[in-house]
Structure formats: C-alpha cells, structure tokens
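Engineer:
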Amino acid sequence: MEFEVKPYLIYSLNEEETTIVQTRESSFATKSAELIEFLSYLEINKIEKISFEDMITMFGSHDLAQSSIEFLLSYSILKPFQTKYLTKKEEITFFSNDDSFNDLVNIFWKDRNVDSQELKEFELFDKENNLVIVSLNPFSLKQLKEIVSLIKKDSSNIYKFIFPYGHGVYLSNYYSPLWGNPCPLCFFYSIESYLRGSQTGKDNLNFQVMVDLFYKEKGTYEYNGLLKLEDWLPVFSQLNKDFNLEEDVISEVDDVLKIDLVGNTLSYDTCYLWEMCDCYE
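According to our numbering, the sequence shown holds residues 39 to 319 in order.
(1) Taking a contact to mean a Cβ-Cβ separation below 7 Å, would you say residue 169 touches residue 196 in this structure?
(2) State the Cα-Cα distance for the pair residue 304 and residue 63, rounded to the nearest angstrom.
(3) I need the straight-line Cα distance from residue 140 to residue 300, nearest angstrom please.
(4) Given a cut-off of 7 Å, decide if residue 193 and residue 134 are closer than it, judged by their beta-carbon atoms.
(5) In angstroms with no decimal places, state the Cα-to-Cα distance between residue 52 and residue 71.
(6) Any idea what DSSP makes of residue 239, helix, strand or coil?
(7) Three-state secondary structure (DSSP) at residue 189?
(8) Helix or strand or just coil, what does DSSP make of residue 113?
(9) Starting from residue 118, follow its DSSP beta bridges and name the residues at the other end.
(10) Buried or exposed: residue 136, going by 16 or more other Cβ atoms within 10 Å of its Cβ?
(11) Look at the Cβ atom of residue 97, then the Cβ atom of residue 89, and state whether they are nearer than 7 Å.
(12) At which residue ranges does the stretch 166-213 contain complete alpha helix (DSSP H) runs of 4 or more residues, listed in the order of the chain?
(13) Residue 209: buried (16+ other C-beta within 10 angstroms of its C-beta) or exposed?
(14) Between the stretch 267-287 and the stretch 215-229, do at least 3 Cβ pairs fall closer than 8 Å?
(15) Select from 307, 219 and 40 the residue whose C-alpha is nearest the C-alpha of residue 229.
(16) Please state whether DSSP places residue 79 in a helix, a strand or coil.
(17) From residue 94 to residue 76, what distance separates their C-alpha atoms?
(18) Going by DSSP in three states, residue 86 sits in which element: helix, strand or coil?
(19) Quick check: residue 61 and residue 68, are their CB atoms within less than 7 Å of each other?
(20) Below 7 Å between beta carbons: does that hold for residue 317 and residue 211?
(21) Count the other C-beta atoms from every protein chain shown that fall within 10 angstroms of the C-beta of residue 151, then say buried if there are 16 or more, exposed otherwise.
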C-alpha cells in the first residue's frame, strides 16, 4: 500500500527536548527520535509518496511501521494514495448552458462514448465513475457555486470546469472529491486574486476591479465571453489530448490552462488549495 505525504512543518524546542509538528488541520508534540528522524527525512528529500514496505525498512519493524502509519494518518500527515487516472472512467459527460458548445461536442466526438446535456440537467445527474466536463458561457460565480455544491463528497466522478473570464478561456484542473485536490472554487478564486492584483496605473481599472464594482452595485455579475466557434478549438484540442492520456501519465490532471483570446497564447499552471475553501476537509 502507498501513502501520499501531506504538507507539514517541524519546530524544535531544544530546552524542552520536544518537537512540534504542525499540519493544516492540527498540531502535535513528540519526543520520538524515530518519528522525528522519519519526518525530517521526508522533508529534506521532498518525498511526496511512500510505501508501507519503505516504512518497514526505515522504522526497522513491521509493528513500529504500522503504529506510525496509524498515528500519521490520524494527524493527516499521511493519506492513502489515490491514483489519478482519467482513462478508466466509463463515460464522458458534458454539461453546458451554451447550445453551440454542446453542438460542437456532438460533432467533435461523434464516434466516442460522449454525452452532452444542458446545464440544468446537472442537478439530476446520478451516474458514477464518469468524467464530467462543465462549460459555463456565460459565466457567473453564483452558478458555479451552485453546481459545485451538488458534487457529492464521496463521488467517484472526475470533474473539469471551463469558462470565459477576463478576456480569456480557463480550463480547471481535473477534480475528484476522493483525491482531495483543489476544487473548481479554489481554481476560480486563484484567478480572481491574480486578476485583482494585476492592475497597472493608478487611473486604470482592470477587469476584476470592474467586476467588483458590478457586485457592489448589482449584487451579481454574469460574464459573457462573446466567443466565436473557433475560440473553442484549443479547448477541444486540449480535452482530446487529455482523453487519450496513457494510464501511467498522471501529472497532467493537475494542470490548469488559460487561453488568451487577445494574443492567442496558451498558459499552463498548477492550481493550489484556496485557504478559505472547505473542500480539503
């Protein structure tokens, strides 16, 4: 069995001969030399995944490794490793509030096991083990929140969201509640934070500042990307590439993509958990 190593911090209290270990959820104190040495080794070598067999070797015995795993699981330093595969999903299902997008889906993947539905059908969707692509054009944060709230915490589906915003088209990372990776709201708020901080010139209102003004006066805002059919081509090209990934290629599932509609450029990045989001709990 393999385990994912979650982020933690180590603080040494020399006078107390104690070490404090802090995680996102909790903290604990320990004087166990074996445990401190193990955690320090993981940190120094930037190890993100470890097997039970490796821990037996490091701790010197099966029983000590087992008790250490149970302890580290309880403090969320270790988590059972979930393999991130896309190709094992039984069906690909698209939801969109844009009829032209769904029409393109049906044309582009007419020979594949792909289903496209109107966005309003998402609430009734009860299938599992599906790859679910949600496209919002026009985009509204209110609608995004409503859709995300419908995703079950134990769902075996994998979700990806696509929407226009700030004169670009954004593709989120692939999200699974079982993986514990950043959710679509984490992704959106990272975009919002970046755009809000990109203002140049004291008299220049950037896109996010203008959106904030709409929220302040109207209480809501809906962004229509005014997309042409050809604007969707790089989106479909990227999705088609993803759908054909080899099973042992997992790094791409954490990628996010911005398609710049002005310069026609592609920018890849990695999404991180948003500190105010509860999707990690």
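Heads up, the beta-carbon is just placed ideally off N, CA and C, and yes, glycines get one too.
Source: prediction; values computed, not measured.
Structural biologist: According to the structure shown:
(1) yes
(2) 36 Å
(3) 24 Å
(4) no
(5) 13 Å
(6) Note that residue 239 scores 49 on pLDDT, short of 50, meaning its location in the model is unreliable and no value can be drawn from it.
(7) coil
(8) coil
(9) 41
(10) buried
(11) no
(12) 179-187
(13) buried
(14) no
(15) 307
(16) helix
(17) 11 Å
(18) coil
(19) no
(20) no
(21) exposed
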